[in-house]
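*Asks:* Just so it is clear: in the sequence shown, position 26 is 6 by the working numbering, and no numbers are missing.
C-beta atoms are modelled at their ideal positions from N, C-alpha and C, and glycine is treated no differently.
Fair warning: this is a prediction, and the values are worked out from it, not measured in the lab.
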Amino acid sequence: MNNSDLRYKTLFWFLIGNFILTLLIGSSYLNFVPDSISLGEWTFSRLAYVSNFGLLFLILSAPLFLMTALVPSVVFLRIASSIIFLTFNIALFVDTLIYKLYRFHINGLVWNILVTEGSSDSVKVSTSTIVVFSLYLLLIISAVIGSHFLLSRYMKLIPIKYSGRRLVSLLLLAFFCINLIDKPIYAHADLNNKTHITRYAKLFPLYQPLTVKRLAQEWGIDVNREFDYKLSKSNGMMNYPLSPIEMNNTKDTPNIIFITVDSWRYDLMNEEVTPIIHSFSKDAWVFNNHYSGGNSTRFGIFSMFYGIYGSYWHTILSERTEPVLMEKLREKNYNFGIWSSADLSWPEFRKTTFIGTPNQIYDRIPGKGAKVRDLRQPILFDSWLDSVGTDSPFFAYFLLDAPHEPYSYPKEFVKFEPSVNEINYMSLDKHKDMEPFYNHYKNAVNFSDHVTGQFLQVIEKRDLFKNSIIIITSDHGAEFYEHGFWGHNSAFTKEQVMAPFIIYIPGQKPKKIESLTSHLDIAPTLLELIGSTNNHDSHSFGISLLSDLMDKRNYVVSSGWGESAIITDEATLVFSTETYNLNTFEIRDKNYELLMGNRYTEFFEGKDVNEVILNMGKFLK
């Protein structure tokens, strides 16, 4: 056997070994195939699994075969192949972990976390998670490096016939046959909106099956277009607001105090978990059917201040466009104070929501841990009030971070037990007992209630209730596998996107509102309270909470990184806003169970869906 044959033989078996390793790592995705499925679905999911990783492997292998032909150095080839497949398999392993928790693959959000200032402070993992993750990494590294070591010692013992062209040809033929099966099946499902098949497109990373719907339409073939959409093809420049905002300058200018409790879900606004807030709510307006404009902090806070869909985030960020609300408050000579226990560089609120008030942002609060920084906010607020005086109204915004993962609170606030001390994300799954983790989170929410009470004491001490609008809410909720998802940013379940919402308006009698409301309503409401005379649709998709129009609302919209959702009391329509994935959608019932087949018209008015799609281009030139 000459050196060339030996190099090819070694590479071939190295690739076989690593392909097996890839399939083992990637088998984690198959855990998310429903248990009760037909034999056809089971077969398709396995074929798609092999097809996805087979194609990725062919792409990675091609340059190695080229190098084998051109580069005589065996050492170089071993190093190059090890680097390529170590990088690939580690990235795949990380992707399986991300998908396990949040149901999306490595995407623009992950890249955003890696490259954006301040993101490292927002993404916290426990020591146990790091240890277990490191052990798995060592196993992957050992498998890839060890395969080269074994091949270098025992390759000559493998007969050449087991690495010849015939075997390679057979493997390529098998892969070709698999693709001849899974791609046409998916294409047929896509043509006929068979969601029990098309849902598997999201399961595997970079699985891009043959999609023929648009081609069929161009050829004049009758296609089921029960739900089909195109987002705006504008040039992506903002036209916000659509017309100048007119203000009544004689209108009173009340102080605005805005407290956001990170990750506080709707069903934990109660006497047991948040007794102080619950008591305060008896003198305020309480909204019991209220939704955040996003399933993450980025889009939740964005929707509060801009009053528009989260799909505008990237354009707003690129153009550094300030919310109309903040602009008008500044014109009214408001003093600004923005406090946060989390760095507001990520998400990029310094470049969006608070870009007009850079010197009034206080997100470098000293202290280790959210529990310490949260406790200092009421003290800092009190001192700040001494410094700004009372000649002008003020806008004070607070973001409490204790209930955000990994949850932070003093030992004396361990009220709900059994509780864990930290979260090992490597061990989480839907079959695990969630009570200790849920109690850990509830303790953090209870601590935030205590901190909110400190704010209320400052407000009472300074006699600010008589001339201050006070809002207490959350940016989004948190799920503990009630519907098969973890945390937030992974779905549009009620646990993730419903939010407590309380607003105190001086002179207004307390009441409870059951109408469907949204964070998108906050900006129009505050603008009206400080004197806006415009129709709100010139700058928002929200409705003033002072208006009776909210009683006529059929739906609300919530956004994630690459998806948005139209939510009604009966169902949720989730659709992609990523260009490469347009026209992929799913319908979920009130329990967030995926509905199979064409069930769109049972739950959604066509005019409502069309309105949402059109609105995604409304504020673009």
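1) Is the Cβ-Cβ distance between leucine 498 and aspartate 242 less than 8 Å?
2) Considering only DSSP beta bridges, list what tyrosine 271 is partnered with.
3) Can you tell me where the alpha helix (DSSP H) holding threonine 432 begins and where it ends?
4) Would a C-beta distance cut-off of 8 Å place threonine 333 and phenylalanine 282 closer than the cut-off?
5) Quick check on DSSP: helix, strand or coil for aspartate 569?
6) Can you tell which of Arg58, Val431, Ala551 and Pro338 has the C-alpha that lies nearest to the C-alpha of asparagine 571?
7) Alpha carbon to alpha carbon, what distance is there between isoleucine 288 and asparagine 315?
8) Measure how close the beta-carbons of lysine 312 and threonine 233 come, nearest whole angstrom, since I'm counting them as under 8 Å.
9) Can you name the start and end residues of the beta strand (DSSP E) that serine 62 belongs to?
10) Closest to aspartate 413 by CA distance: which of Phe427, Lys422 and Pro398 is it?
11) Check the DSSP bridge columns for serine 544 and list the partner residues they point to.
12) Leaving aside the five residues before and after methionine -19 along the sequence, list all residues of the same chain whose C-beta is less than 6 Å from its C-beta, in chain order.
13) CB methionine 366 to CB valine 438, shorter than 8 Å?
14) Taking the runs of the beta strand (DSSP E) that are 3 residues or longer, which of them lie wholly in the stretch 306 to 386?
15) Have a look at arginine 568 and leucine 10 and give me their C-alpha separation to the nearest angstrom.
16) To which residues of the same chain is leucine 574 closer than 8 Å at the C-beta, ignoring the five residues directly before and after it?
17) Where asparagine 219 and leucine 600 are concerned, what is the direct C-alpha to C-alpha distance, given to the nearest angstrom?
18) Quick check on leucine 575: does DSSP put it in helix, strand or coil?
19) Using 8 Å as the threshold, is the stretch 47 to 63 in touch with the stretch -16 to -7, meaning 3 or more CB pairs across them?
20) Between glycine 540 and the rest of its own chain, which residues show a CB-CB distance below 6 Å, the 5 nearest in sequence each way excluded?
21) At which residues does the alpha helix (DSSP H) containing serine 31 begin and terminate?
22) Tell me tryptophan -7's beta-bridge partners as DSSP assigns them.
23) Taking the alpha-carbon of leucine 40 as reference, which of Phe(-1), Phe12 and Leu19 has the nearest alpha-carbon?
24) If distances are taken between C-alpha atoms only, which option among Trp319, Leu355, Pro346 and Arg356 comes closest to proline 338?
25) By Cβ distance, which residues of its chain are closer than 7 Å to histidine 128, with the 5 residues on each side in sequence left out?
26) Check each candidate in Leu160, Arg245 and Pro221 and name the one with the smallest Cα separation from histidine 468.
27) Could you name the residues of the same chain whose beta carbon sits closer than 6 Å to that of threonine 564, not counting the 5 residues immediately before and after it, in chain order?
28) When we look at the beta-carbon of valine 425 and count the other beta-carbons within 10 Å, is it buried (16 or more) or exposed?
29) Give me the DSSP bridge partner(s) of leucine 600.
30) Use the C-beta contact count for aspartate 443: other C-beta atoms within 10 angstroms, 16 or more gives buried, fewer gives exposed.
31) Alpha carbon to alpha carbon, what distance is there between glycine 349 and leucine 380?
32) Pair every Cβ in the stretch 66 to 79 with every Cβ in the stretch 523 to 534, then say whether three or more of these pairs are closer than 8 Å.
33) Report the partner residues of tryptophan 265 according to the DSSP bridge assignment.
34) Going by DSSP, what residue range makes up the beta strand (DSSP E) through valine 241?
35) What does the Cβ neighbour count give for lysine 182, buried or exposed, with the cut at 16 atoms within 10 Å?
*Replies:* The structure says:
1) Numbered from its first residue, the sequence shown carries residue 498 at position 518. Numbered from its first residue, the sequence shown carries residue 242 at position 262. A small fix is needed here, since residue 498 is serine in this sequence, not leucine. The answer is no: Cβ separation not under 8 Å.
2) Counting from one through the sequence shown, the residue named residue 271 turns up at place 291. Answer by DSSP bridge pairing, in chain order: Met478 and Ser498.
3) Reading the sequence shown from its first residue, position 452 is the one you call residue 432. Residues 415 to 441.
4) Translated into positions along the sequence shown, residue 333 becomes position 353. Translated into positions along the sequence shown, residue 282 becomes position 302. The answer is yes: Cβ separation under 8 Å.
5) Here residue 569 refers to the residue found at position 589 when the sequence shown is read from its first residue. Of the three classes helix, strand and coil, the one that applies to aspartate 569 here is strand, per DSSP.
6) Taking the first residue of the sequence shown as position 1, residue 571 is located at position 591. Here the closest residue by C-alpha is Ala551.
7) Working through the sequence shown from its first residue, we reach residue 315 at position 335. Working through the sequence shown from its first residue, we reach residue 288 at position 308. Going by the C-alpha atoms only, they are around 25 Å apart.
8) Translated into the one-based positions of the sequence shown, residue 312 becomes position 332. Translated into the one-based positions of the sequence shown, residue 233 becomes position 253. Contact flag correct, Cβ pair sits at about 5 Å.
9) As a position in the sequence shown, residue 62 is number 82, starting the count at 1. Taken as a continuous stretch (DSSP letters only), serine 62 belongs to no beta strand (DSSP E), being part of the alpha helix (DSSP H) at 54 to 82.
10) Locating residue 413 in the sequence shown gives position 433, counting from the first residue. Checked all of Phe427, Lys422 and Pro398; the closest Cα to aspartate 413 is Pro398.
11) As a working mapping, residue 544 is identified with position 564 in the sequence shown. Beta-bridge pairing links serine 544 to Ser539 and Phe555.
12) Start at 1 with the first residue of the sequence shown, and residue -19 comes out as number 1. Because the pLDDT at methionine -19 is just 48, under 50, the model does not fix this residue reliably, and the value given afterwards should be weighed accordingly. No residues qualify anywhere along the chain.
13) In the sequence shown, counting from the first residue as 1, residue 366 sits at position 386. In the sequence shown, counting from the first residue as 1, residue 438 sits at position 458. The question names methionine, but residue 366 in the sequence shown is aspartate. Their beta carbons are not under 8 Å apart, which means aspartate 366 does not touch valine 438 by this criterion.
14) The stretch 306 to 386 contains these whole beta strand (DSSP E) runs: 315 to 320 and 374 to 380.
15) In the sequence shown, the residue the question calls residue 568 occupies position 588. In the sequence shown, the residue the question calls residue 10 occupies position 30. C-alpha separation (whole angstroms): 21 Å.
16) The residue you call residue 574 lines up with position 594 of the sequence shown. Closer than 8 Å at Cβ, skipping near neighbours: Thr175, Arg179, Glu566, Ile567 and Arg568.
17) Residue 219 sits at position 239 when you count from the first residue of the sequence shown. Residue 600 sits at position 620 when you count from the first residue of the sequence shown. Their Cα atoms are separated by approximately 5 Å.
18) If you number the sequence shown from 1, residue 575 lands on position 595. Residue state, collapsed to three classes: strand.
19) yes
20) For the purposes of this step, residue 540 is identified with residue 560 of the sequence shown, where counting begins at 1. Around glycine 540: Asn275.
21) The residue you call residue 31 lines up with position 51 of the sequence shown. Looking at the DSSP string, the run of the alpha helix (DSSP H) that includes serine 31 is 19 to 50.
22) Looking up residue -7 in the sequence shown gives position 13. Tryptophan -7 pairs with nothing; no bridge assigned.
23) Within the sequence shown, residue 40 is the residue found at index 60, counting from 1. When each option's Cα is compared against that of leucine 40, the closest is Phe(-1).
24) For the purposes of this step, residue 338 is taken as the residue at position 358 of the sequence shown. Comparing Cα positions, the closest option is Trp319.
25) As a first step, residue 128 must be located in the sequence shown, where it is residue number 148. Excluding residues within five positions, the ones whose Cβ falls inside 7 Å are Phe(-6), Arg58 and Ser62.
26) Translated into the one-based positions of the sequence shown, residue 468 becomes position 488. Here the closest residue by C-alpha is Arg245.
27) One-based indexing of the sequence shown puts residue 564 at position 584. Excluding positions up to five away in sequence, the list reads Ser556.
28) Taking the first residue of the sequence shown as 1, we reach residue 425 at position 445. With 16 or more other Cβ atoms within 10 Å, it is buried.
29) Taking the first residue of the sequence shown as position 1, residue 600 is located at position 620. Paired residue(s): Met218.
30) Translated into the one-based positions of the sequence shown, residue 443 becomes position 463. Classification for aspartate 443: exposed.
31) Within the sequence shown, numbered from 1, the residue matching residue 380 stands at position 400. Within the sequence shown, numbered from 1, the residue matching residue 349 stands at position 369. If I take the Cα positions, the gap works out to 11 Å.
32) no
33) Taking the first residue of the sequence shown as position 1, residue 265 is located at position 285. DSSP output for tryptophan 265 lists Ile483 and Lys491 as bridge partner(s).
34) As a working mapping, residue 241 is identified with position 261 in the sequence shown. 235 to 241 is the extent of the beta strand (DSSP E) around valine 241.
35) Walking along the sequence shown from the start, residue 182 turns up at place 202. So lysine 182 ends up on the buried side.
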